[in-house]
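Those protein sequences? They're chains A and B, same order as listed. Counting from 442, one number per residue, gives the positions in the first sequence under my numbering. Counting from 442, one number per residue, gives the positions in the second sequence under my numbering.
Protein chains: 2
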Amino acid sequence: MPIAQRHPSAIEEIANDCIAFRVRILGRAVSAIYDQTMANVGMSISQVNIMVFVGKVGRVNPSLIGAKMAMEKSTVSRNLKGLIDDGLLEAELSDGDRIKSVGLTEEGRRRVETVLPDWRRAQSLVKKMLGPTGAGAMVDLGNQLLHKA
Amino acid sequence: MPIAQRHPSAIEEIANDCIAFRVRILGRAVSAIYDQTMANVGMSISQVNIMVFVGKVGRVNPSLIGAKMAMEKSTVSRNLKGLIDDGLLEAELSDGDRIKSVGLTEEGRRRVETVLPDWRRAQSLVKKMLGPTGAGAMVDLGNQLLHKA
DNA sequence: CCCGAAAAGTTGTACCTACAACAATGCTGT
DNA sequence: ACAGCATTGTTGTAGGTACAACTTTTCGGG
């Protein structure tokens, strides 16, 4: 005869299993390390990530950034605005002044080189925090998502 | 004699290896699924996670929430405020009206039960997105961080 | 070519987040 | 008991994020 099932409360179930809970904590913990480490050059990890993405793929339109980076289009719009104003991205505009595409400027490219040492320190700290296995798992998981998008 | 090393640009290096890049994309993608799935009950995954954490550990002071959930104390302060105003958390206050500790109210507990079905749908969608292996890795990584904190 | 629908970008609004500066609380040694 | 210091919580400010509503652009079928 079947063994009586234990019925964990909603709280137990969510606390024990929730993926969002864990992803979000991880995101805050990891982002904080990069942001703090790169603060001396006045760049956030959010900004660096966008510049690197644009620099890697070349000229892109905002919607592709959103698709690949899982960002809502309005978020992309505002984030690009800041980087363009700072001269780190260069935009091709439509008649109505909408961003048709962006590319990394030379200044942007130099800026990425500038943050590299700090980025490396942060990356190393995070690897230590997650352990080699954890860090590897995280990269694999991210790549899987990136290649799917 | 040693083989000449290829020198990837800063862009290549960061794009290929950055853990923050991947964690943050994952965080947005995952959070969006939970938020959209639970929108009909008017709760965000952020709120549910805090309620569940408080419900699980019982009466806690804000600083512990921050420590365990990797949230800055000011963030905790504001997030608790909302849940208290909504009657989902109950606060013990100091003379100066500062929050000494919070606990889950009965209404809060019921609310968690209410979102459970939607939470399960979201959880299932995310598991599908990450695959069983990926989801497992994510939970392990999160637990590791939680137990260390 | 043109019309209508779909896709893409922007703006208003609101929530989540963090840092800095400040205020209140708690603790420790004498 | 209490003076000084460390911890804890709040508020000002600013960036990151998403949804809804709107505008502009693009794209396909007549």
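Each residue gets a CB set at the ideal place from its N, CA and C atoms; glycine is no exception.
- Annotated three-state conformation of G499/B is coil, per DSSP.
- Taking C-beta atoms as the reference points, G544/A and E531/A count as a pair closer than 7 angstroms.
- The alpha helix (DSSP H) runs of length 4 or more contained entirely in the segment 485-548 of chain B are, from start to end of the chain, 486-498, 503-510 and 514-526.
- One finds V493, G496, K497 and V553 in chain B with Cβ atoms closer than 7 angstroms to the Cβ of I452/A, taken in chain order.
- Neighbourhood of M510/B in chain A, by CB distance below 7 angstroms: I466, in chain order.
- Contact between the segment 562-581 of chain A and the segment 471-481 of chain B is not established, with fewer than three Cβ pairs separated by less than 8 angstroms.
- DSSP, reduced to helix, strand and coil, places S450/A outside both helices and strands of the structure shown, so it counts as coil.
- G577/B sits in a helix when the DSSP states are folded into three classes.
- For the 7 angstroms CB-CB criterion, L467/A and V464/B form a contact.
- As the crow flies, the alpha-carbon of I460/B is around 25 angstroms from that of A456/A.
- Put simply, the backbone Cα of K569/A is about 15 angstroms away from that of T478/A.
- For G468/B, the three-state secondary structure derived from DSSP is helix.
- Taking a beta-carbon distance threshold of 7 angstroms, S472/A counts as an interface residue toward chain B.
- In this structure, DSSP gives A461/A a helical state, which the three-state scheme calls helix.
- Across the structure, T574/B and V567/B are spaced so that their CA atoms are roughly 12 angstroms apart.
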